[in-house]
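Undergrad: The structure follows.
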Amino acid sequence: MSTLILIRHGQASFGAANYDVLSERGIEQSAALGAHLAAREISLDAVYTGPAVRQIDTAAHLLDAASSVGTDYPQASKLDELDEYPAFELFKDQLPKLKDDPDVAALLAEPTGRGQKEVYVRISQRWARGELDTGGLETFAQFEDRVHAGFDHIMATEGRGKAIAVVTSGGPISLSMRRALDLAPERALQVAWVIANASMTEYRYRDGEFTLVGFNRIPHLDKHQITYR
Numbered sequence: 040m041s042t043l044i045l046i047r048h049g050q051a052s053f054g055a056a057n058y059d060v061l062s063e064r065g066i067e068q069s070a071a072l073g074a075h076l077a078a079r080e081i082s083l084d085a086v087y088t089g090p091a092v093r094q095i096d097t098a099a100h101l102l103d104a105a106s107s108v109g110t111d112y113p114q115a116s117k118l119d120e121l122d123e124y125p126a127f128e129l130f131k132d133q134l135p136k137l138k139d140d141p142d143v144a145a146l147l148a149e150p151t152g153r154g155q156k157e158v159y160v161r162i163s164q165r166w167a168r169g170e171l172d173t174g175g176l177e178t179f180a181q182f183e184d185r186v187h188a189g190f191d192h193i194m195a196t197e198g199r200g201k202a203i204a205v206v207t208s209g210g211p212i213s214l215s216m217r218r219a220l221d222l223a224p225e226r227a228l229q230v231a232w233v234i235a236n237a238s239m240t241e242y243r244y245r246d247g248e249f250t251l252v253g254f255n256r257i258p259h260l261d262k263h264q265i266t267y268r
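Counting from 1 along the sequence shown, just add 39 to a position and that's the residue number in the working numbering.
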C-alpha cells in the first residue's frame with residue numbers, strides 16, 4: 040500500500056490585508072514539521088502543494104528545515120486542484136444577504152468573535168448542502184470534483200508502495216475525510232474547522248481502498264505553537 044500524508048498549511052495572516060501570507064508562527068510551524076519528519080527518518084517519494092502562497096511557502100520551509108539537518112526530500116510540485124474553496128469570497132457574498140436576520144446580527148455583535156465564526160460555519164454548511172445562490176462562485180460539488188481529481192492524479196501518478204506528502208488547506212483535507220469515512224458534505228466541512236495548522240492527516244491507499252490511519256496529528260508542535268486559523 041502507499042501512504043498519503045495531507046498537511047494543512049502553517050498559520051496564515053488572518054485579519055491582515057493579505058491573508059495568503061504565512062505568519063511568523065506559521066513559518067515556525069512549517070519548519071518544526073520538516074525537522075520532525077527528518078528526525079523520524081520518514082521517507083517521502085514525492086511532495087505536492089496547492090497554488091496558494093501559504094501552501095507553497097509551508098512546503099518550502101518544511102523542505103528547508105529537513106535539508107538543514109541532512110534530509111533532502113523531493114522538491115514540491117504545484118497542483119492547482121489542491122487549492123482551498125473560495126471561503127472569503129463566499130462569506131463576502133453571503134453576509135449582506137443575511138444582514139436583516141436578527142440571529143445573525145446578534146452573533147456578529149458578540150465581542151469574543153465566536154459569533155462571527157458561527158455565522159461562517161452556517162454559511163459554509165448551507166453552501167455544502169447546495170442551498171445558496173452564490174452568484175457564479177465555485178459550488179461545493181465543483182470543489183469536491185476538483186479536489187478529488189487532484190488526489191486521483193497524485194495517486195495514479197505516483198503508483199504503489201510510495202509515500203507522498205501534500206500541502207493543502209482544511210477544505211481539501213475535510214474532503215479526504217468525506218472520501219474515507221463517507222461523511223455528509225456539511226459534516227465534512229465542519230471537520231475543517233478543527234484541523235490545526237501544519238497538522239498531518241494520513242491515509243493508506245491502493246486500488247479501490249482509501250483508509251484513514253491518523254487525523255490532525257501535531258506531535259512536532261508545542262502547546263503554544265498550536266493554531267487553527
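From the three backbone atoms N, C-alpha and C, an ideal C-beta is built for every residue, glycine too.
Label G49 either buried or exposed according to how many other C-beta atoms from any shown protein chain fall within 10 Å of its C-beta, with 16 as the threshold for buried.
TA: G49 is buried by the Cβ-count criterion.
Undergrad: In the DSSP output, what is K117 paired with across the bridge?
TA: Per DSSP, T88.
Undergrad: Would you report the Cα separation of P113 and A227, rounded to the nearest angstrom?
TA: In a straight line, the C-alpha of P113 is about 31 Å away from that of A227.
Undergrad: Reducing DSSP to helix, strand and coil, say where S107 ends up.
TA: Here S107 sits in helix by DSSP.
Undergrad: With a Cβ-Cβ cutoff of 8 Å, do E248 and S41 count as a contact?
TA: In this structure, S41 does not lie closer than 8 Å to E248 by Cβ.
Undergrad: In whole angstroms, what is the alpha-carbon distance linking A105 and L76?
TA: Distance between the alpha carbons of A105 and L76: 7 Å.
Undergrad: Report yes or no: do three or more beta-carbon pairs, one from the segment 96 to 111 and one from the segment 218 to 225, lie closer than 8 Å?
TA: Short answer: they don't touch.
Undergrad: Would you list the residues sitting across from S41 in a DSSP beta bridge?
TA: For S41, which the question treats as bridged, DSSP gives the partners Y244.
Undergrad: Return the CA-CA distance between Y87 and E225, expressed in angstroms with no decimal places.
TA: When rounded, the distance between both Cα atoms is 27 Å.
Undergrad: Pick helix, strand or coil for F53, following the three-state DSSP scheme.
TA: Coil at F53, not helix or strand.
Undergrad: Below 8 Å, can you find three or more Cβ-Cβ pairs linking the segment 119 to 128 to the segment 180 to 193?
TA: Yes, the segment 119 to 128 is in contact with the segment 180 to 193.
Undergrad: For a test of the three-state rule: what should DSSP assign to I46, helix, strand or coil?
TA: If DSSP states are grouped into helix, strand and coil, I46 belongs with the strands.
Undergrad: With a 10 Å radius around its C-beta and 16 neighbouring C-beta atoms as the bar for buried, classify V230 as buried or exposed.
TA: Buried, because 16 or more other Cβ atoms sit within 10 Å of the Cβ of V230.
Undergrad: Report yes if the C-beta distance between L146 and V158 is below 8 Å; otherwise report no.
TA: Yes. Within cutoff.
Undergrad: Does any heavy atom of the ligand FMN sit closer than 7 Å to the C-beta of I81?
TA: The model depicted lacks the ligand FMN and carries no ligand whatsoever.
Undergrad: Buried or exposed: Q181, going by 16 or more other Cβ atoms within 10 Å of its Cβ?
TA: So Q181 ends up on the exposed side.
Undergrad: Threshold first: 3 residues or longer. Then list the beta strand (DSSP E) segments lying entirely within the segment 112 to 174, N to C.
TA: Entirely contained in the segment 112 to 174, the beta strand (DSSP E) runs reaching 3 residues are, in chain order, 115 to 117.
Undergrad: Measuring alpha carbon to alpha carbon, tell me which of Y244, G65, P135, G54 ends up nearest D191.
TA: With distances taken between Cα atoms, D191 lies closest to Y244.
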